[in-house]
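When the letters of the sequence shown are read in order and numbered with the working numbering, they come out as residues 48 to 271.
Backbone N, C-alpha and C define an ideal beta-carbon position, used for all residues, glycine too.
Predicted model only: the values in this text are computed from it and were never measured.
Working notes, structure below.
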Amino acid sequence: MRPGEKKHKENPKNWSRRTWIHEKKGNGKLNLNNKSTTIHVKLGALFSKILGRLWGEKEVRILILGLDGAGKTTILYRLQIGEVVTTIPTIGFNVETVSYKNIKFQVWDLGGQTSIRPYWRCYYANTDAVIYVVDSVDKDRMQTSKEELHSMLDEEELKDAALLVFANKQDMEGALSAAEVADALGLSTLKNRQYSIYKTSAIKGEGLTDGLDWLVNIIQENKQ
């Protein structure tokens, strides 16, 4: 364990698996080269220590992960400013603070390209929850998305992190339902993990606040 790094606490509640599948309708980037790889690791550790608080103690640290093109950055800025912004593939990360129901979320949007995914683990420390975004139309890469998800959840630093899955791009023809995405990702095999899945459209803003409501409730329960 590196100096200054917090030891992961034991699971205080002995969580059993709790599953929710929701189908209701509703309404500075860094280049990842040899030099910036070192910067990524240092910034990830630094910001996890000095940014954040919850009710005067710490800010809730959230990672937005998923394959490239799933809609992670669109969701981030939908949540932060309530608008759709023009985005380009994230090379490195975006980090923003999102205030929702008196909680400040420090949200890290990490690039999803194949070459970047190995660096996700640099940001796992002190994470309270993961928002995993899936392109519900991209059936050809659903297996890859599943493998990346389970590989991530196997990491010790994320063993207590809640998981919120967004089955995104529901506004597009041919999108899999939330239940179909849950099955494709093998969510039913997750043990001792609080998780939920919501169907969303980042472009239309549908389903995002429903997912955040669930996440807020889970975080509040776990902080008591």
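Legend entry - Boundaries (first-last residue) of the beta strand (DSSP E) holding Ile178: Looking at the DSSP string, the run of the beta strand (DSSP E) that includes Ile178 is Ala176 to Asp182.
Legend entry - Length of the line joining the Cα atoms of Asp218 and Asn239: Distance between the alpha carbons of Asp218 and Asn239 is about 32 Å.
Inset, instruction - Compute the Euclidean distance between the alpha carbons of Ile283 and Gln153, then round it to the nearest angstrom. - result: The structure shown does not extend to residue 283, since the chain is modelled only from 48 through 271, so no value can be given for it.
Inset, instruction - Would you mind stating whether Val180 and Ala117 have Cβ atoms separated by less than 8 Å? - result: Yes, they are a contact pair.
Legend entry - C-alpha distance - Cys169 paired with Ala229, whole-angstrom precision: Rounded to the nearest whole angstrom, the CA to CA distance from Cys169 to Ala229 is 27 Å.
Inset, instruction - Reducing DSSP to helix, strand and coil, say where Glu268 ends up. - result: If DSSP states are grouped into helix, strand and coil, Glu268 belongs with the helices.
Inset, instruction - Per DSSP, which residues does Ser248 bridge with? Please list them. - result: Looking at the DSSP output, Ser248 shares a beta bridge with Glu253.
Inset, instruction - Report back the beta-carbon spacing between Ala226 and Ala176 to the nearest angstrom; my notes put them in contact at under 8 Å. - result: Rounded, the Cβ-Cβ distance is 22 Å, inconsistent with contact.
Legend entry - Inter-residue Cα distance where the pair is Ala231 and Asp185: Put simply, the backbone Cα of Ala231 is about 12 Å away from that of Asp185.
Inset, instruction - Run the CB neighbour count on Gln241, radius 10 Å, all protein chains shown included, and call it buried at 16 or more, exposed below. - result: It counts as buried.
Legend entry - Rounded C-alpha distance that separates Ser183 from Ile122: Pairing Ser183 with Ile122, the inter-Cα distance amounts to about 14 Å.
Inset, instruction - Please work out which residues of its chain come closer than 8 Å, Cβ to Cβ, to Val107, disregarding the five sequence neighbours upstream and downstream, and give them in chain order. - result: The residues Gly99, Leu101, Ile150, Lys151, Phe152, Gln153, Asp175, Ala176 and Ile266, in chain order, have a CB closer than 8 Å to that of Val107 in the same chain once the five nearest residues on each side in sequence are set aside.
Legend entry - Close-in-space but distant-in-sequence residues of the same chain around Val145 (CB under 6 Å, 5 per side omitted): For Val145, where only same-chain residues beyond five positions count, the Cβ hits under 6 Å are Leu126, Gln127, Phe152 and Val154.
Legend entry - Short Cβ contact (8 Å threshold) for Ser224 with Leu114: Going by C-beta atoms, Ser224 is not nearer than 8 Å to Leu114.
Inset, instruction - Using the Cα positions of Asp187 and Thr236, report the straight-line distance between them to the nearest angstrom. - result: Take the alpha-carbon of Asp187 and the one of Thr236: they are about 21 Å apart.
Legend entry - Through-space distance from Tyr166 to Glu253, alpha-carbon basis: Roughly 30 Å separates the two Cα atoms.
Inset, instruction - State the start and end residues of the unbroken alpha helix (DSSP H) segment that holds Leu232. - result: That run of the alpha helix (DSSP H) goes Ala225 to Leu232.
Inset, instruction - State the Cα-Cα distance for the pair Lys216 and Asp260, rounded to the nearest angstrom. - result: One C-alpha to the other measures close to 20 Å.
Inset, instruction - For the beta strand (DSSP E) holding Leu210, just list the boundary residues, first then last. - result: From DSSP, the beta strand (DSSP E) with Leu210 extends over Ala209 to Asn215.
Inset, instruction - Kindly indicate the opening and closing residues of the beta strand (DSSP E) around Leu110. - result: Leu110 -> beta strand (DSSP E) spans Val107 to Leu112.
Inset, instruction - Using three-state DSSP, classify Lys193 as helix, strand or coil. - result: The three-state secondary structure of Lys193, taken from DSSP, is helix.
Inset, instruction - Alpha carbon to alpha carbon, how far is Asn173 from Ile244? Give it in angstroms, no decimals. - result: Roughly 22 Å between the two C-alpha positions.
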